[in-house]
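Residue numbering for the sequence shown follows the UniProt record's numbering, beginning at 1 and increasing consecutively.
Where a beta carbon is used, it is the ideal one built from N, C-alpha and C, also for glycine.
None of these values were measured; they are calculated from a predicted model.
Before any comments, here is the structure.
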Amino acid sequence: MAFQGVILDIDGTLVLSNDAHAQAWCKAFAESGYNIPFERVRPLIGMGGDQVIPKLVPGLNDQEGEGKIISNRRKDFILNHYALTLAPTKGSRDLVLKLKGDGLQVVIASSATEAELDMLLKVAQIEGLISEATTSSDAEASKPAPDIVAVALSKLQIEPSQVVMIGDTPYDIESAGKCGVAVIAVRCGGFDDSQLAGALAIYDDPADLVAHYDDSPLGKV
């Protein structure tokens with residue numbers, strides 16, 4: 001059965017932002033006196049703050065106290081510092097245009113805030129191309145919980161078997177799988193093929209997927 005809808009991740013998939021998120025977390029934690037190395041944070045990128053904070057400092061959470069302060073500072077760093085350094089992944093806009101030109105319904109699935117999402121859409125050069133998206137306010141738990149993907153599915157109103165997600169982290173694969181949605185993975189988020197096991201197919205970046213579109217799971221009927 002041909003796919004009718006696509007759930008599209010943005011951080012790491014359409015924007016080269018995963019390293020920046022890890023650096024922002026490190027700076028935010030450091031301000032509160034926690035010296036957490038980049039190497040500990042980077043493998044967690046793809047999860048939201050509700051997952052990252054308690055994994056790094058058990059007992060903290062992003063909803064109250066020190067954890068909330070750290071979470072808010074991370075957002076500040078992304079929006080007011082790292083945003084200026086971000087670039088789109090290779091072929092990000094071309095992929096969106098290809099999907100839409102192929103008649104697929106597309107929704108962005110992100111746990112970013114609305115302000116972060118607006119910034120990311122501009123960096124990816126796709127603002128105005130996709131009308132539906134999720135944000136952190138749409139779900140209680142971020143990936144690898146299924147919440148964000150479930151909300152994206154509800155916006156598409158398409159059966160999970162007819163939807164594919166395009167993402168860059170093992171957390172995309174896990175969260176989509178919990179909703180019965182298959183995943184096409186891209187390596188540009190910094191995870192290797194062993195970490196992306198379970199994807200229908202793996203490509204270097206959106207441009208690689210576009211170049212091999214006809215032979216990809218999206219092009220096969």
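If contacts are defined as beta-carbon pairs under 8 Å, then Glu132 and Val107 qualify, I think. What distance do you get, rounded to the angstrom? The residue you call residue 132 lines up with position 132 of the sequence shown. The residue you call residue 107 lines up with position 107 of the sequence shown. With 8 Å as the limit, Glu132 and Val107 qualify as a contact, their Cβ atoms being about 4 Å apart.
Helix, strand or coil at Ala211 [DSSP, three-state]: Position 211 of the sequence shown, counted from the start, is the residue given in the question as residue 211. Judged by DSSP in its simplified three-state form, Ala211 adopts helix.
Between the CA atoms of Val57 and Gly101 - distance to the nearest angstrom: Here residue 101 is taken as the residue at index 101 of the sequence shown, counted from 1. Here residue 57 is taken as the residue at index 57 of the sequence shown, counted from 1. Using only the alpha carbons, I get a separation of about 45 Å.
Going by Cα to Cα distance, which pick from Lys75, Thr89, Gln51 is closest to Gly190? Position 190 of the sequence shown, counted from the start, is the residue given in the question as residue 190. With distances taken between Cα atoms, Gly190 lies closest to Thr89.
Just verifying my parser: in three-state terms, what is the DSSP assignment at Tyr203? Locating residue 203 in the sequence shown gives position 203, counting from the first residue. Three-state DSSP puts Tyr203 in a strand.
Does the stretch 4–20 come close enough to the stretch 143–161 that 3 or more CB-CB pairs lie under 8 Å? Contact between the stretch 143–161 and the stretch 4–20 is present, because at least three Cβ pairs lie under 8 Å.
Note down, in chain order, each residue of its chain lying with its Cβ closer than 7 Å to the Cβ of Pro146, except the 5 sequence neighbours on either side. Translated into the one-based positions of the sequence shown, residue 146 becomes position 146. Sequence-distant partners of Pro146 (beyond 5 residues in either direction) whose C-beta falls short of 7 Å from its own C-beta, in its chain, are Ser175, Lys178, Cys179.
One question on the structure: do Pro217 and Val181 come within less than 8 Å of each other, judged by their Cβ atoms? For this step, residue 217 is matched to residue 217 along the sequence shown. For this step, residue 181 is matched to residue 181 along the sequence shown. It is not a contact, given that the beta carbons lie outside the stated cut-off.
Ala24 versus Phe77 - alpha carbon distance: As a first step, residue 24 must be located in the sequence shown, where it is residue number 24. As a first step, residue 77 must be located in the sequence shown, where it is residue number 77. Spanning the alpha carbons of Ala24 and Phe77 requires a straight line of approximately 6 Å.
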